[in-house]
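First up is the structure itself, then whatever we jot down about it.
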Amino acid sequence: MTDEDVRAAALQYVRKLSGFRSPSARNAEAFDRAVDAVAAATQVLLRDLHVPQTSRRP
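The sequence shown maps to residues 1 to 58 in UniProt numbering.
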C-alpha cells in the first residue's frame, strides 16, 4: 500500500464521518488536520501489524 493509498483512504474516512465532501474555508484546516492524523495512525498500524508467514512445503 502506497502513501497515496493511505492518504486517499484517510480522506474518504474523514469525508464519511464529517458528512462533507469538501469542507468550507472555515473548516478546511480542521478537516486537513483530521486527514493527516488518520493517515499517520494508519501508517503506524500498517507498520506495526504482525502478519503470519505462510509455510512453504519443500
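C-beta: ideal position from N, C-alpha, C; glycine also.
Relative to the C-alpha of residue i, which candidate in the options has its C-alpha closest?
{"i": "L11", "options": "V44, V38 and P52", "result": "V38"}
{"i": "A8", "options": "Q53, N27, T54 and A40", "result": "A40"}
What number of angstroms, rounded off, separates the C-alpha of residue i from the C-alpha of residue j?
{"i": "Q43", "j": "M1", "result": "10 Å"}
{"i": "L17", "j": "E4", "result": "20 Å"}
{"i": "V35", "j": "S22", "result": "12 Å"}
{"i": "A20", "j": "V6", "result": "In the sequence under discussion, the amino acid at residue 20 is Phe, which differs from the Ala named in the question. Between F20 and V6, the C-alpha separation is close to 19 Å."}
message: Closer than 8 Å is the cut-off here; do at least three beta carbon pairs connect the stretch 17 to 31 with the stretch 40 to 52?
response: no
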